Each structure stands twice: as structure tokens, then as C-alpha cells.
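One structure below.
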Amino acid sequence: VMKEMLTGISFGVKEDGDDFVVTVPTFRATKDVSIAEDIVEEIGRLYGYDNIVSAPVVATVKPIPPLPSKLLARWAREAMVACGYNEVMPYFFDSANLASQMDYSLEGALELANVISSDMPVMRRHLLPNMLLHAQKNGQFRDDFRLFEYGRVFYPSPGTIPHQERRICALAYSRSGDSFDLFLRLKAHVESVVSGLGRGEIAFGSVVGADDLPWVVADNGRAIKFGGEDIGLVSMLHPVVRDTLKLRGKIAFFEINLEPIFAAPEQV
Numbered sequence: 447v448m449k450e451m452l453t454g455i456s457f458g459v460k461e462d463g464d465d466f467v468v469t470v471p472t473f474r475a476t477k478d479v480s481i482a483e484d485i486v487e488e489i490g491r492l493y494g495y496d497n498i499v500s501a502p503v504v505a506t507v508k509p510i511p512p513l514p515s516k517l518l519a520r521w522a523r524e525a526m527v528a529c530g531y532n533e534v535m536p537y538f539f540d541s542a543n544l545a546s547q548m549d550y551s552l553e554g555a556l557e558l559a560n561v562i563s564s565d566m567p568v569m570r571r572h573l574l575p576n577m578l579l580h581a582q583k584n585g586q587f588r589d590d591f592r593l594f595e596y597g598r599v600f601y602p603s604p605g606t607i608p609h610q611e612r613r614i615c616a617l618a619y620s621r622s623g624d625s626f627d628l629f630l631r632l633k634a635h636v637e638s639v640v641s642g643l644g645r646g647e648i649a650f651g652s653v654v655g656a657d658d659l660p661w662v663v664a665d666n667g668r669a670i671k672f673g674g675e676d677i678g679l680v681s682m683l684h685p686v687v688r689d690t691l692k693l694r695g696k697i698a699f700f701e702i703n704l705e706p707i708f709a710a711p712e713q714v
């Protein structure tokens, strides 16, 4: 029957044992038949898809186990929500206008060949700047809120794909209360989230090497350490940046690189 169907539409068909050797007619100039599956589709079309009897899948289908890092990322996001934070999902690009306002240099960032906006010419290297844009919008209508993002940052890597890091960043905004209390609460949330990942505890130390980050108050901030390595920091937003962006509330924030945590062995 299949042979008759194919010869009926000018396909050449030769039997080779249990197989068919099929020749596509030259007038099929669109070249839409090039693989065996295309022949099956032709037969199904001629026979009628509604006439094909449904049958259960013979093979056993097993779900692919998720990567450990995916599970850890999911847990971290759920932990942030449990701490009262709302997740935001901004673009992966830095705003040139915002960078200019904060006196933050975009030099050395990964430039885009085809920008989606003239204000977003490069891939971001930190999560916080875009978070501050969300703080500006929310601060117009709310006195207190907490936001976080789990996402990637990008750095140029000559001759290969850009270097990427998975990070988590959070900020707490409040027009009332004490700045130090806001800072301590955020610091406690960092400890809670990381310890819940089961890869080890974090420690805190002095902030160094943050001169190019205008939003950091280095003297009052704390570096976040994991396995003896600096993976991020927690700080109050610099008052100059806060005033420049016309943010009326106090903001405490943290940003950490999750890669060393994801790579660490699970602790029982």
C-alpha cells in the first residue's frame, strides 16, 4: 500500500528486502523531501492522519534529573521569597544613563553588536544597577519593600564565549526605622540563604577593591567570604547615589557570586 501511495505521486520506489529505496521526483524543486522522516510524512498525509491508530509509547521515558546547581538556585530563590522578597527579572544589559548618573564606568564591559536600545549598549557586570531602577519605580508608591534577582553577569573573554557568573542580589528599602537595623536584617538573610544551601557557612570581613563601585559604602559594608574567598558584599547604598537617584528611603543590599557555593561539596 505504501509503495502504491508513493508511486502514485511520481516517487520512484524499489524494494530492497524489507526496505524501500525511494527516489524523489525532479519536479519537487522545493527540496522539501530530503530525509526518511519526510517520506513518512508524505505517507501519513496520503493515508490520512486521522486514520492512524494511536498507540502507547513503547520505550520507557524517564525524567532527566535536574542539575544540582538548578536545585540550589531554586532553593535560594524560594528562601528569598520566604524572607519577604519579591523577585524581579530585568534585562541583562547596563543602562548608560544610569551609569552616568552614578559615575559608574562601563569601560571594559562586553559591548553589544546589535543593541535593543541606545541606552543599553553593554552586558551587565553587576546585578545591583538594574535593581536600583526597580527601586526608583517602587519607591514612588511604597514606603517599604524588598526585591531580589537571581541572574547572570558577563565579562569579556578574548577568543571564546564571555565568562559568566550566576549571582543573587537583594535590596531592602525603607523610609522609616534605623539604617543599621536594616543592614543587620539583610546580613542575617544572607547567612540564612547560604547556610540553607548546605554547602558551608559564610564569614564576613572588610570590603576591599570596591573603588569602582560607587554604590558601596566600603567603610560600613562587609565583604562576604566563602571558603576563604571573597564572593560578594553587603552594604548600605551610598548616600551620594541615593540622593542622585532621588531615592527617599534607606537601602541596604547584598550581591554574591554563587559559583563557588554551587561548586562546593554538599555538607552532611
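For the sequence shown, position 252 (counting from the first letter as 1) is numbered 698 according to the working numbering, and the numbering increases by one without interruption.
Even for Gly, the Cβ is constructed at its ideal location relative to N, Cα and C.
Bear in mind the structure is a predicted one, so any value in this text is a computation, not a measurement.
Buried or exposed: where does residue i fall if 16 or more other Cβ atoms within 10 Å of its Cβ makes it buried?
i, result
"asparagine 576", "buried"
"aspartate 540", "buried"
"valine 680", "buried"
"alanine 505", "exposed"
"leucine 517", "exposed"
"glycine 605", "exposed"
"isoleucine 614", "buried"
"glycine 695", "buried"
"isoleucine 607", "exposed"
"valine 447", "exposed"
"isoleucine 702", "buried"
Less than 9 Å between the beta carbons of residue i and residue j, yes or no?
i, j, result
"isoleucine 677", "isoleucine 697", "no"
"isoleucine 481", "valine 468", "no"
"serine 563", "aspartate 589", "no"
"leucine 593", "asparagine 584", "yes"
"lysine 716", "arginine 668", "Nothing can be reported for residue 716, as the shown portion of the chain is limited to 447 through 714."
"glycine 597", "proline 512", "no"
"arginine 570", "leucine 704", "no"
"isoleucine 670", "phenylalanine 626", "no"
"phenylalanine 672", "alanine 616", "no"
"leucine 628", "methionine 566", "no"
"histidine 572", "leucine 643", "no"
How close, in whole Å, do the beta carbons of residue i and residue j come, if the pair is a contact with beta carbons under 8 Å?
i, j, result
"methionine 400", "valine 687", "Absent from the structure is residue 400, since the part of the chain shown begins at 447 and ends at 714."
"glutamate 533", "glutamate 595", "7 Å"
"histidine 684", "tryptophan 661", "5 Å"
"valine 459", "valine 470", "Incorrect: roughly 11 Å between the Cβ atoms, too far for contact."
When you compare only the Cα positions, how much space is there between residue i and residue j?
i, j, result
"threonine 555", "alanine 519", "Before going further, note that residue 555 is alanine rather than threonine in the sequence given. For alanine 555 and alanine 519, the distance between alpha carbons rounds to 26 Å."
"glutamate 712", "tryptophan 521", "14 Å"
"phenylalanine 473", "glycine 454", "14 Å"
"valine 714", "phenylalanine 587", "45 Å"
"alanine 559", "proline 602", "13 Å"
"glycine 646", "serine 515", "15 Å"
"valine 561", "threonine 690", "26 Å"
"glutamate 461", "glycine 494", "24 Å"
"isoleucine 489", "leucine 452", "7 Å"
"aspartate 665", "valine 654", "9 Å"
"alanine 618", "leucine 630", "11 Å"
"histidine 609", "phenylalanine 600", "6 Å"
"serine 551", "aspartate 657", "11 Å"
"glutamate 557", "alanine 542", "12 Å"
"leucine 492", "alanine 581", "60 Å"
"glutamate 483", "phenylalanine 466", "13 Å"
"phenylalanine 538", "serine 456", "53 Å"
"leucine 544", "valine 507", "49 Å"
"isoleucine 648", "glycine 530", "21 Å"
"proline 502", "aspartate 464", "24 Å"
| field | contact_flag[the region 515–530, the region 634–646] where n(CB pairs < 8 Å) is 3 or more | value | The region 515–530 and the region 634–646 touch, with no fewer than 3 CB-CB distances between them shorter than 8 Å.
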